[in-house]
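Student: Just so we're aligned, residue 2 is where the sequence shown starts under the working numbering, counting upward by one.
A single structure is presented below for examination.
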Amino acid sequence: MPAEPDPPRPNVKHRASTFDRQQWGLLLLLAAINFTHILDFVIVMPLGDPLRQQLKINPQQFGMVVSAYGIAAMITGVLSSSLVDLYDRKTILVGAFGGFALATFYCGVAPSFLHLLIARCLTGLFGGMASSCVMAVIGDVFPDGQRGRAIGVVTSSFAVASTIGLPIGLWLALYFGNWNAPFIAIGFLAVGVWGLVVLFMPSLTGHRTGVRVNPLRQFMTVVQKSNHLWAFAFMLATVFGTFLIVPYIAPYMQANCGRSASDLPIVYAVAGFCTLISLNLVGWATDRVGAKPVFLTCAGGAVLMTLVITNLPQVSLMVAVVSTSVFMVLASGRMIPAQAMMLRAAEPALRGAFMNLNTSVSHFAVAVGPLITGAIVGEEFTGGPLTGFPIAGLIAAACGCSALVLMFGLRPALAPNSAIGSDA
């Protein structure tokens, strides 16, 4: 049966540099989805001490809880990649985000380590599917001249989650004296966002063709294209360059740089605010200047700052704030042109499956990166300075350099995007 046509879209050809009211509404809805599942992912990291005390789990079990989200998201991306392009984008988001909301409530009532581990796997499973669908929607709706800004708006939710969501979540945990409280709050937030998706998100079926292909054949079509494989390697190197380092910045600042636990909220609040501003500027520059030169600038700077931040001696609070902020601005900034190049490399008819696999690659790096660094980093003595973090920095810098090299092998897809016009 032929696919139902999409609702009328704004004439983007004559308004390539601006978003109209309808586009802003869609972007804010996608940003709310991203904010909720990102907050759910990052909130577990600073809850380590309450989790260990109240659930009686050891550091190794806590590491499993942190990694479970990324590993599950990777697996579900692979399993669902061959199906998402067969259905309405709205249908996928409603189902995936609804499952995510229920799984988040499960996290909030988990009575033991095993229940919490299962709940984190479920949130990763549904959250990963929702995340990849969000990027596919951007690729479907926004032309190449707008995608950088669109990605910047949606990915700004990471900075908002870090700047606003994390402090509120930690305050709830302190106020109620229980680690469960932040997850219950995020669950209610997810239900609200899910309702907005049901009510206001338009049906998006322009990516579908009248003939349904075999799901396994579609999966094989995605992975057999050399440009897609090159793009996956590019994203893997980029994300490894960030998440080998990010989870260990806080303990390194305390153990090696002389900063106290009370300094960390200041460090992360300023870094998050700077990132929130810079992501939109990077998105604007990506549309105006081009994805490759912006990626070269941000990624090259991120490699340099990786080496700086993993070799800091004892420093003042000002130096800690500035170095962390510059690193986060550059490391997160390179993701916008990277995503723009990835979307351009995906063939439009396969974009949903491609982005699902790409999200799986990203979640693999997010889950495995901290485990690799954890195997490298040690302590001079119990509670003493950390050792091995400079080595982890060298590995992360090498990944960042690899991404710079791989970037030159990415090619735009040859097939035009029939839903939004031909890509440049």
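Yeah, the Cβ is synthetic: ideal placement off N, Cα and C, and Gly gets one too.
Because the structure is a prediction, the values reported are computed rather than measured.
Keeping to the same chain, check which residues put their C-beta closer than 7 Å to that of Leu-118; ignore five residues upstream and five downstream.
Tutor: Position 117 of the sequence shown, counted from the start, is the residue given in the question as residue 118. Taken in chain order, the residues that qualify are Met-65, Val-66, Ala-69.
Student: For Arg-150, count neighbouring C-beta atoms within 10 Å of its own C-beta (all shown protein chains included) and say buried if the count is 16 or more, exposed if not.
Tutor: Locating residue 150 in the sequence shown gives position 149, counting from the first residue. Classification for Arg-150: buried.
Student: Count the other CB atoms within 10 Å of the CB of Tyr-253; is the residue buried (16 or more) or exposed (fewer)?
Tutor: Within the sequence shown, the letter at position 252 stands for residue 253. It counts as buried.
Student: Checking 8 Å against the spacing of the C-beta atoms, do Phe-98 and Ile-34 come in under that value?
Tutor: Along the sequence shown, one-based indexing puts residue 98 at 97. Along the sequence shown, one-based indexing puts residue 34 at 33. Yes, the pair counts as a contact, with Cβ atoms nearer than the cut-off.
Student: When you compare each of Ser-132, Leu-40, Gln-24, Ala-102 to Met-75 by their alpha carbons, which one comes out closest?
Tutor: As a working mapping, residue 75 is identified with position 74 in the sequence shown. The residue with the shortest Cα to Cα distance from Met-75 is Ser-132.
Student: So the candidates are His-38, Phe-42, Ala-300; which of them puts its Cα closest to the Cα of Cys-400?
Tutor: Translated into positions along the sequence shown, residue 400 becomes position 399. Ranking His-38, Phe-42, Ala-300 by Cα distance to Cys-400 puts Ala-300 first.
Student: Measure from the alpha carbon of Val-369 to the alpha carbon of each residue in Leu-115, Ile-72, Leu-308, then state which is nearest.
Tutor: Along the sequence shown, read from residue 1 onward, the residue named residue 369 stands at position 368. For the residues Leu-115, Ile-72, Leu-308, the minimum Cα distance to Val-369 belongs to Ile-72.
Student: Quick check on Phe-409: does DSSP put it in helix, strand or coil?
Tutor: Here residue 409 is taken as the residue at index 408 of the sequence shown, counted from 1. In the structure shown, Phe-409 sits in coil (DSSP, three-state: anything other than H, G, I, E or B).
Student: Following the continuous alpha helix (DSSP H) through Asn-312, name the residue where it begins and the one where it ends.
Tutor: Numbered from its first residue, the sequence shown carries residue 312 at position 311. Counting along the chain, Asn-312 falls outside any alpha helix (DSSP H), and DSSP gives it neither H nor E.
Student: Under three-state DSSP, which class holds Ala-303?
Tutor: Walking along the sequence shown from the start, residue 303 turns up at place 302. The answer is helix: DSSP assigns Ala-303 an H, G or I state.
Student: For Leu-405, count the other beta carbons within 10 Å of its own beta carbon; 16 or more makes it buried, fewer makes it exposed. Which is it?
Tutor: In the sequence shown, residue 405 corresponds to position 404, counting from 1. Result: buried.
Student: Can you give the beta carbon distance from Ala-32 to Ser-158, rounded, assuming they're within the 8 Å contact cut?
Tutor: In the sequence shown, residue 32 corresponds to position 31, counting from 1. In the sequence shown, residue 158 corresponds to position 157, counting from 1. Their Cβ separation, rounded to whole angstroms, is 5 Å, which keeps Ala-32 and Ser-158 in contact under 8 Å.
Student: Relative to the alpha-carbon of Leu-407, which residue among Thr-37, His-229, Pro-203 has its alpha-carbon at the smallest distance?
Tutor: Indexing the sequence shown from 1 puts residue 407 at position 406. When only C-alpha atoms are compared, the closest one is His-229.
Student: Does DSSP classify Ile-396 as helix, strand or coil?
Tutor: One-based indexing of the sequence shown puts residue 396 at position 395. DSSP places Ile-396 in helix when its eight states are reduced to three.
Student: Rounded to the nearest angstrom, how far is the Cβ of Val-322 from that of Cys-402, given a contact under 8 Å?
Tutor: Within the sequence shown, residue 322 is the residue found at index 321, counting from 1. Within the sequence shown, residue 402 is the residue found at index 401, counting from 1. Incorrect: roughly 27 Å between the Cβ atoms, too far for contact.
Student: Select from Asn-257, Leu-27, Leu-351, Val-110 the residue whose C-alpha is nearest the C-alpha of Ile-1.
Tutor: It is not possible to answer for residue 1, since the shown part of the chain is limited to 2 through 425.
Student: For Thr-311, count the other beta carbons within 10 Å of its own beta carbon; 16 or more makes it buried, fewer makes it exposed. Which is it?
Tutor: In the sequence shown, counting from the first residue as 1, residue 311 sits at position 310. Classification of Thr-311: buried, given that the 10 Å Cβ count is 16 or more.
Student: Got a sec? Which residues, its chain only, sit under 8 Å from Ala-238 by beta carbon, not counting five neighbours each side?
Tutor: One-based indexing of the sequence shown puts residue 238 at position 237. These residues qualify, in order along the chain: Cys-400, Gly-401, Ser-403, Ala-404, Leu-407.
Student: Enumerate in chain order the residues of its own chain whose CB-to-CB distance from Leu-426 is below 6 Å, with the five nearest sequence positions on each side excluded.
Tutor: Summary: the structure shown does not reach residue 426, with the chain confined to residues 2 through 425, and so no result is reported for it.
Student: If I measure Cβ to Cβ from Met-306 and keep anything under 8 Å in the same chain, skipping five residues before and after, which residues do I get?
Tutor: In the sequence shown, the residue the question calls residue 306 occupies position 305. The answer, listed in chain order, is Ser-324, Val-327, Phe-328, Leu-331, Ala-332.
Student: Based on Cα-Cα distance, which residue from Ile-377, Pro-386, His-364 lies nearest to Gly-125?
Tutor: Taking the first residue of the sequence shown as position 1, residue 125 is located at position 124. Comparing Cα-Cα distances from Gly-125 to each of Ile-377, Pro-386, His-364, the minimum goes to His-364.
Student: Exposed or buried, Met-319, counting other C-beta atoms within 10 Å across all chains shown (16 or more means buried)?
Tutor: Translated into the one-based positions of the sequence shown, residue 319 becomes position 318. With fewer than 16 other Cβ atoms within 10 Å, it is exposed.
Student: Does the Cβ of Leu-30 have 16 or more other Cβ atoms within 10 Å, making it buried, or fewer, making it exposed?
Tutor: Residue mapping note: residue 30 aligns to position 29 of the sequence shown, counting from 1. That one is buried.
Student: Spatial neighbours of Thr-298 within its chain, please: CB distance less than 8 Å, with the 5 preceding and 5 following residues excluded, ordered by chain position.
Tutor: For the purposes of this step, residue 298 is taken as the residue at position 297 of the sequence shown. Hits under 8 Å: none found.
Student: Where Gly-193 and Val-283 are concerned, what is the direct C-alpha to C-alpha distance, given to the nearest angstrom?
Tutor: Taking the sequence shown and counting its residues from 1, one reaches residue 193 at position 192. Taking the sequence shown and counting its residues from 1, one reaches residue 283 at position 282. Cα to Cα, Gly-193 sits roughly 30 Å from Val-283.
Student: Between Val-268 and Gly-129, what straight-line distance do the alpha-carbon atoms span, to the nearest angstrom?
Tutor: The residue you call residue 268 lines up with position 267 of the sequence shown. The residue you call residue 129 lines up with position 128 of the sequence shown. Val-268 and Gly-129: Cα-Cα distance of roughly 28 Å.
Student: Would you please state the rounded distance, in angstroms, between the beta carbons of Leu-123 and Ala-137? I believe it to be under 8 Å.
Tutor: By one-based count along the sequence shown, residue 123 stands at place 122. By one-based count along the sequence shown, residue 137 stands at place 136. Actually they are not in contact, since the Cβ atoms of Leu-123 and Ala-137 sit about 22 Å apart, beyond 8 Å.
Student: Rounded to a whole number of angstroms, what is the C-alpha to C-alpha distance between Arg-121 and Pro-338?
Tutor: If you number the sequence shown from 1, residue 121 lands on position 120. If you number the sequence shown from 1, residue 338 lands on position 337. Approximately 30 Å, taken between the alpha carbons.
Student: Note down the Cα distance separating Gly-211 from Tyr-88, rounded to an integer number of angstroms.
Tutor: Taking the first residue of the sequence shown as position 1, residue 211 is located at position 210. Taking the first residue of the sequence shown as position 1, residue 88 is located at position 87. Because the pLDDT at Gly-211 is just 48, under 50, the model does not fix this residue reliably, and the point stays unresolved.
Student: Can you list, in chain order, the residues of its chain whose CB lies under 8 Å from that of Phe-177, leaving out five sequence neighbours each side?
Tutor: Here residue 177 refers to the residue found at position 176 of the sequence shown. Once the five neighbours on either side are set aside, Phe-177 has no close Cβ partner at all.
Student: To the nearest angstrom, how far is the alpha carbon of Met-336 from that of Val-135?
Tutor: Position 335 of the sequence shown, counting from 1, holds the residue named residue 336. Position 134 of the sequence shown, counting from 1, holds the residue named residue 135. The alpha-carbon atoms of Met-336 and Val-135 are separated by roughly 15 Å.
Student: Please classify Tyr-88: does DSSP put it in a helix, a strand, or coil?
Tutor: If you number the sequence shown from 1, residue 88 lands on position 87. Reduced to three states, the DSSP call for Tyr-88 is coil.
Student: Can you round the beta-carbon distance between Pro-386 and Asn-257 to whole angstroms, since I take them to be within the 8 Å contact cut?
Tutor: Locating residue 386 in the sequence shown gives position 385, counting from the first residue. Locating residue 257 in the sequence shown gives position 256, counting from the first residue. Pro-386 to Asn-257, Cβ: 5 Å. Contact.
Student: Would you tell me roughly how many angstroms separate the C-alpha atoms of Phe-274 and Asp-41, rounded to the nearest one?
Tutor: As a first step, residue 274 is located in the sequence shown; it is residue number 273 there, counting from the start. As a first step, residue 41 is located in the sequence shown; it is residue number 40 there, counting from the start. Going from the Cα of Phe-274 to the Cα of Asp-41 covers about 19 Å.
Student: With H, G and I counted as helix, E and B as strand and the rest as coil, what does DSSP make of Ile-119?
Tutor: Walking along the sequence shown from the start, residue 119 turns up at place 118. In this structure, Ile-119 counts as helix in the three-state DSSP scheme.
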